[in-house]
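Numbering (my numbering), first residue to last: 147 to 864. These notes concern the structure reproduced below.
What follows is the structure, encoded as structure tokens:
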């Protein structure tokens, strides 16, 4: 009999059974199942699993699906409810904020666990410990008092803030839920503040606070450093301003750095001085360099200084009064304008257009980074990245390990004098009076377009920007205009408010008021200026070089024209050159002027060509005038012009020699004088030509000799 026939017979037999017979059979099967399960109960766990596996493989797909639907609910467990409270809190604390918020919606029990564990408070505290921006924001917004303290103390503070009776609510569930609700609302508020700050950086939205450092002898603030309590600044009047005015240098204070114990400063008097940061007492004077000390850095018992004498000195700092010279590094062929170092490398930049890398341990030369076309005025080095600014108006990013140039940033119109960067952005200041904010992360991506790298341009200084420092919330900058500006991106009131604050200016007796205000740090210094009603009504701000600039030039983000960042001396020089060109044009020198422009280039070539093409050197078209200047008059004008140019060159050389960054240009003056004589040299030749006796009516001006081509620059390394 086949199996199918046997199964059919069983089915037919089953159909003949009554209900009572079926119940009897079901009972018998149930008894057999219970007996079988009892026998399985004494099996080992492995035997039970093995039996189940062997049995399951015999089942159909439909049967397995039914078993799966039966097993799934049995496999789900509320681990939060079953785990010990401390362990459950530890697991939930590994979640991010979005996931933790989702867990609160799972059940009332889960929400109670989150509240009882104060998990939102713990997440905020973790962020404050690990993220500098969260830490700084907690201090500036004054919600740090709700953190890093006992639960009882935080409950008491929150109760006071919310107007609740802590004594009645102490230890109750209601108090726990009130604390939970407070921190639950605080977290998204902090996130929103951070996003607003980032947006302010990207859009150039800030509140401007101004500290006027003008005194009887001041002519610029060359260097500064700040923290939450104070700003320390070095001025061209040979003083350092902090809680008090520190005197002792006999030359401009060009660089400084301080820590909890000392201020160390370098000066154009070729000395390095060590001061007690609390008392202001001069503890030590280091005499080594032969010329101005242009920059210095120190930490971990090591100090590095650099000088206009083209050398770098490495010092060992045992104590403020015991600082010993360890090594002198030679190799640069021009003034060394800036140094930076860490435990691995010493990095130096010079007017010879190169950056040199040295070993911090052995002080041996490693490599040279070449690429800038003019001298290098500023540099910062951190975590294998070097960012440099140059007299060629560009910023370059370098990989210090291989020496490769990663990116060139273009946008400044004059020498890039100061530069700083962090993990997010680069901030640069230049002699055009502008501060630019760049996206560092985008700059490191080779796919980023050059036009997308500059986030904002800040244009409130009326003179050259000498030094700047910044953090996540503000930029503090100093300038030749005798001011320190604080660009606040945390409490920004919008572009209109920033423009109004800038236009108000800040006057008053800075000789006495500035040190007191500066000593209290950026925020307190600005508050001191706000309290002085006279200071806010100062009107126009002197640009530091004898000229005044209207408030329109200080509007936030406003374009102040081609001369927005230049001083009065620069404007006067341009006006004089334009006047000379007009005089030559009146003498009928258009053809010669164009010929000489074609023969020799120069920095002013483009401007002269634009003037020629526009035919606007004199009203009505100078080149169409029949009048000619007399030779004697031309000679007199040329001599007066040369005298004025010599005076301006002497003044600029004095300023640049003190500031350090100008050395980049001075070291190259001989190489580039033919190339960049521009308008001045050409005007002199034309004046001499016009002064010669006239030989004919058709062509009355004798052609001068074509100037010699510029000499090639010397090699970058010895």
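Ideal Cβ positions, reconstructed from N, Cα and C, are used throughout, including at glycine.
Three or more beta-carbon pairs drawn from the stretch 517–532 and the stretch 471–490 are found closer than 8 Å, and the two stretches are therefore classed as touching.
Listed in chain order, the non-local C-beta contacts of residue 365 below 6 Å within the same chain comprise 382, local neighbours out to five positions each way being set aside. In summary, residue 367 is buried, with 16 or more beta-carbon neighbours lying within 10 Å of its beta-carbon over all protein chains present. In this structure, residue 619 and residue 343 form a Cβ contact; the two beta carbons are roughly 7 Å apart against a cut-off of 8 Å. By the Cβ criterion, the stretch 541–558 is not in contact with the stretch 454–465, since fewer than three pairs of Cβ atoms, one from each stretch, lie closer than 8 Å. With respect to the 7 Å criterion, residue 238 and residue 265 are classified as neighbours on the basis of their beta carbons. Around residue 210, the same chain offers 202 as residues with beta carbons nearer than 8 Å, after the five sequence neighbours per side are excluded.
CA-CA distance, residue 400 to residue 357, rounds to 19 Å.
Going by beta carbons, residue 388 and residue 628 fall outside the 7 Å limit. Along the stretch 575–608, the alpha helix (DSSP H) occurs as fully enclosed runs of 4 or more residues at 586–589, listed in sequence order. In this structure, DSSP gives residue 551 an extended state, which the three-state scheme calls strand. Here residue 212 is exposed: its Cβ has fewer than 16 other Cβ atoms, across all protein chains shown, within 10 Å.
Between the alpha carbons of residue 386 and residue 537 lies a distance of about 27 Å. Sixteen is the threshold: since fewer than 16 other Cβ atoms of the shown chains lie within 10 Å of the Cβ of residue 587, the residue is exposed. Cβ contact annotation for residue 300 (same chain, cutoff 6 Å, sequence separation greater than five): 292, in chain order.
Rounded to the nearest angstrom, the gap between the Cα atoms of residue 543 and residue 354 is 29 Å. For residue 205, the number of other beta carbons within 10 angstroms of its own is below 16, and it is reported as exposed. For residue 256, the enclosing alpha helix (DSSP H) stretches over residues 254–262. Between residue 351 and residue 638, the gap from beta carbon to beta carbon is short of 7 Å. By alpha-carbon distance to residue 347, the top candidate from 603, 405, 298 and 589 is 603. A contact between stretches requires three or more CB pairs, one per stretch, nearer than 8 Å, and the stretch 277–292 meets this requirement with the stretch 333–340.
Note on the stretch 412–469: whole beta strand (DSSP E) runs with a minimum of 3 residues are 417–422, 428–433, 439–445, 448–453 and 457–465, in chain order. When Cβ pairs closer than 8 Å are counted between the two stretches, the stretch 250–257 is seen not to touch the stretch 277–284, the count staying below three. Looking at the DSSP output, residue 276 shares a beta bridge with no other residue. Nearest in C-alpha terms to residue 477, of all of 457, 569 and 461, is 457. For residue 491, the uninterrupted beta strand (DSSP E) segment begins and ends at 491–496. In the structure shown, residue 322 adopts helical secondary structure according to DSSP, grouped into three states. DSSP, reduced to helix, strand and coil, places residue 556 within a strand of the structure shown.
Looking from the CA of residue 329, the closest CA among 246, 405, 376 and 390 belongs to 246. In the DSSP annotation of this structure, the continuous segment of the alpha helix (DSSP H) that includes residue 201 starts and ends at 191–202. Where residue 232 is concerned, there is no enclosing beta strand (DSSP E), although the alpha helix (DSSP H) around it starts and stops at 231–239. Distances from the CA of residue 506 to each of 555, 447 and 410 were compared; the closest alpha carbon is that of 447.
A Cβ-Cβ separation of about 4 Å places residue 436 in contact with residue 455 under the 8 Å criterion. Secondary structure at residue 504: strand, using DSSP grouped into helix, strand and coil. When rounded, the separation of the alpha-carbon atoms in residue 605 and residue 581 is 6 Å. For residue 300, there is no enclosing beta strand (DSSP E); the enclosing alpha helix (DSSP H) covers residues 297–308.
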